[in-house]
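Numbering (our numbering), first residue to last: 2 to 198.
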């Protein structure tokens with residue numbers, strides 16, 4: 002009886018080690034990559050603002066991309082309600098994003114990005130002063146930006162797109178800039194390069 006128990010114990014132990022050598026039941030998705038340059042027009046404090054953007058991330062499971070985005074204003078923003086006429090407004094937005102593409106294998110398809118991140122506004126002198134470049138400090142804020150774009154594949158790795166987004170800022174109060182007058186719709190165009198699965 003003693004020998005039977007020992008043999009059974011050895012058998013169970015061997016089976017346990019054998020089971021641990023098996024391949025896992027899940028597989029990691031294949032990853033691609035994507036880089037994108039964007040140009041965006043939106044109104045901030047009543048002024049038309051051009052935002053240049055750079056995006057980069059990973060693509061996976063054919064329909065999805067995740068990554069990071071950075072965009073900034075390229076023109077001098079002069080809010081009408083700003084008291085100090087010697088300064089102009091800068092805006093920058095940094096975010097993580099997820100993007101879902103509908104029917105990505107089609108030459109023309111739709112894609113739906115969602116950016117969630119933080120923004121920064123500051124006033125800068127029209128005439129540069131090295132002693133105090135940002136006379137009124139900076140203000141940081143949270144924002145969410147959903148969008149929809151029509152995308153066209155030029156080649157297998159090169160795509161262009163155009164669409165619309167909505168920038169939503171729940172809370173901001175910085176001189177002439179408020180959550181209300183920085184939130185709103187925008188038009189966006191982009192050129193995208195990458196390995197799309």
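Glycine included, each C-beta is placed from N, C-alpha and C at the ideal position.
These figures come from a predicted structure and were not determined experimentally.
Query raised in the report: In whole angstroms, what separates the C-alpha of residue 45 from that of residue 197?
Result: 34 Å
CB-CB under 6 Å to residue 1, same chain, minus the five flanking residues each way: which ones, in chain order? Residue 1 lies beyond the stretch modelled for the chain, which goes from 2 to 198, so this question has no answer here.
*asked:* Once DSSP output is grouped into helix, strand and coil, what is the label at residue 183?
replied: helix
- Message: I need the DSSP call for residue 153, collapsed to helix, strand or coil.
- Response: strand
N-terminal and C-terminal residue of the beta strand (DSSP E) that residue 96 is part of: 88 to 103
**Q.** Extent of the continuous beta strand (DSSP E) run through residue 74
**A.** 65 to 74
Short Cβ contact (8 Å threshold) for residue 87 with residue 122 = Annotated as distal: residue 87 and residue 122, with beta-carbon spacing of 8 Å or more.
- Leaving out five residues before and five after residue 79 in sequence, what residues of the same chain have Cβ atoms less than 7 Å from its Cβ? 48 and 89
Which class does residue 33 belong to by DSSP, given the choice of helix, strand or coil?
strand
- Short Cβ contact (8 Å threshold) for residue 187 with residue 41: yes
Query - Where the beta strand (DSSP E) through residue 161 begins and ends - result: Going by DSSP, residue 161 is part of the beta strand (DSSP E) stretching over 159 to 168.
| message | So, at 6 Å on beta carbons, what are the nonlocal neighbours of residue 192 in its own chain, with the 5 sequence-adjacent residues on each side left out? | response | Result list for residue 192: 38 and 161, in chain order.
key: Proximity of residue 32 and residue 60 at Cβ, strictly below 8 Å   = Their beta carbons are under 8 Å apart, which means residue 32 touches residue 60 by this criterion.
Whole angstroms are fine: how far does the CA of residue 179 sit from the CA of residue 64? A straight-line Cα-Cα distance of about 36 Å links residue 64 and residue 179.
Who does residue 175 pair with in a DSSP beta bridge?
178
Using the Cα positions of residue 110 and residue 176, report the straight-line distance between them to the nearest angstrom.
-> 42 Å
Alpha carbon of residue 156 to alpha carbon of residue 140, nearest angstrom: 42 Å
| Who are residue 140's beta bridge partners in DSSP? | Looking at the DSSP output, residue 140 shares a beta bridge with 122.
Presumed contact (8 Å Cβ cut-off) between residue 129 and residue 168, rounded CB distance
About 29 Å separates the two Cβ atoms, so there is no contact after all.
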